[in-house]
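Residues are numbered in this note's numbering as their position in the sequence shown, beginning at 1, plus a constant of 118. Even for Gly, the Cβ is constructed at its ideal location relative to N, Cα and C.
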Amino acid sequence: MLLAIDCGNTNTVFSIWDGTRFIATWRTSTQHQRTADQYYVWLSTLMNFQKIDPKITDVIISSTVPRVVFNLRVLSDRYFNTRPLVVGKPDCLLPVDVRVDAGTQVGPDRLVNTVAGNSLYGGDLILVDFGTATTFDVVDTDGAYVGGVIAPGVNLSLEALHLAAAALPHVDISKPQSVVGTNTVACMQSGIFWGYVGLVREICARIKAERDRPMQVISTGGLAPLFQQSTDLFDVVREDLTMHGLTVIHKYNSSERAGT
Ligand SMILES: Nc1ncnc2c1ncn2[C@@H]1O[C@H](COP(=O)(O)OP(=O)(O)O)[C@@H](O)[C@H]1O
Ligand SMILES: CC(C)(COP(=O)(O)O)[C@@H](O)C(=O)NCCC(=O)O
Ligand SMILES: [K+]
């Protein structure tokens, strides 16, 4: 079975893929200090708790935080006796082209999303991923990654208000009842929620105009469903987009190595 690890700047998600479906998914905060042994204690406890004993034969990692990769590699070598595939490294092949400025290091999560989007929905896509940052990845007609947009994440924006202004509290995002807030929290939620709806709408409209063709908008990340509520921003919300992409990349590399 495949252990797929998607490490973002805030959270790291581990999923076990049995070849047809994910049999388990667990999430932990991203901390580069966490050792391979700590990961394994955590993972094996959860496996015992869910009464599963998967035989992990392969590991694939996508990480937007380079420092965590070392310990995840050790986890794979020491406990699963396998050399992991690491997206973005030269020995990890991608089934799509990447057409960006020379020397640009595209976030591996964006490449994985592109592969997933292309495998599920074809080409001419805008992939919106609500993570620490909100990213827009543009997928060409042939499935290539051709660039995109990086905006501050929703929670990062709320946290920035709280950190910079003495009288503004820490607030969780939610859809406000009305645009005009009658208390501080409602005012902040309105600014971020409706501001974000505007940001997503405007950026998608401009990408479509710039590329002069219809495009499907696919969204992912924990906050995608919140924004889909009573807005028409996305054609599809697919929460497991990145994980799905990891399974596609793993399969592609396995078959390339086998020469099929
Ligand atoms: N369902 C959710 N509801 C509210 N906040 C969420 C939800 N899912 C994720 N978040 C928050 O969104 C932010 C980005 O999380 P995540 O998608 O895990 O980012 P990353 O992939 O960059 O690590 C974090 O602050 C996280 O706590
Ligand atoms: C834009 C990102 C910070 C998003 O990361 P995330 O929100 O998933 O933690 C990440 O994709 C990244 O570090 N990218 C490198 C620059 C680029 O993609 O052009
Ligand atoms: K992301």
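- In the DSSP assignment, Pro270 is bridged to Ala251.
- One thing to note: Gly235 has its Cβ within 7 Å of the Cβ of Val257.
- For Cys125, no alpha helix (DSSP H) run applies; the uninterrupted beta strand (DSSP E) run containing it begins and ends at 120-125, by DSSP.
- Residue burial is scored here from C-beta neighbours: Ala285 has fewer than 16 other C-beta atoms within 10 angstroms and is therefore classed as exposed.
- Using a C-beta cut-off of 8 Å, the stretch 169-186 makes contact with the stretch 358-367, since at least three inter-stretch Cβ pairs fall below that distance.
- The beta carbon of Val272 sits no closer than 6 Å to any heavy atom of ligand 2.
- Per the DSSP secondary-structure output, Phe132 pairs in a beta bridge with Ile123, Trp144.
- For Val214, the closest of Asn199, Val230, Thr338, Met165 by C-alpha to C-alpha distance is Val230.
- Assignment of Ile336 by DSSP, reduced to helix, strand and coil, places it in the strand class.
- For ligand 1, no non-hydrogen atom lies closer than 6 Å to the CB of Gly299.
- Pairwise C-beta distances place the stretch 200-210 out of contact with the stretch 148-157, as fewer than three of them are shorter than 8 Å.
- Per DSSP, reduced to three states, the secondary structure at Ile325 is helical.
- For Gly206, the distance from the CB to the nearest heavy atom of ligand 1 is not below 6 Å.
- In the three-state DSSP reduction, Leu161 falls in the helix class (H, G or I).
- Excluding sequence positions up to five before and after Asp227, its CB lies within less than 8 Å of the CB of Asp124, Gly126, Ser180, Thr182, Asp247, Gly249, Thr253, Thr360, all in the same chain and listed in chain order.
- Your pair Val289 and Trp312 does not check out as a contact, with CB atoms roughly 14 Å apart and the cut at 8 Å.
- In the three-state scheme derived from DSSP, where H, G and I count as helix and E and B as strand, Leu279 is classed as helix.
- Secondary structure at Ile179: strand, using DSSP grouped into helix, strand and coil.
- Between Phe198 and Ile174, the gap from beta carbon to beta carbon is short of 7 Å.
- CA-to-CA, the gap between His280 and Asp209 works out to about 43 Å.
- Within the chosen limit of 6 Å, ligand 2 reaches the beta carbon of Arg228 through at least one heavy atom.
- Scanning its chain for C-beta atoms nearer than 8 Å, with the 5 sequence neighbours on each side dropped, one finds around Val264 the residues Arg217, Val218, Val256, Val257, Asp258, in chain order.
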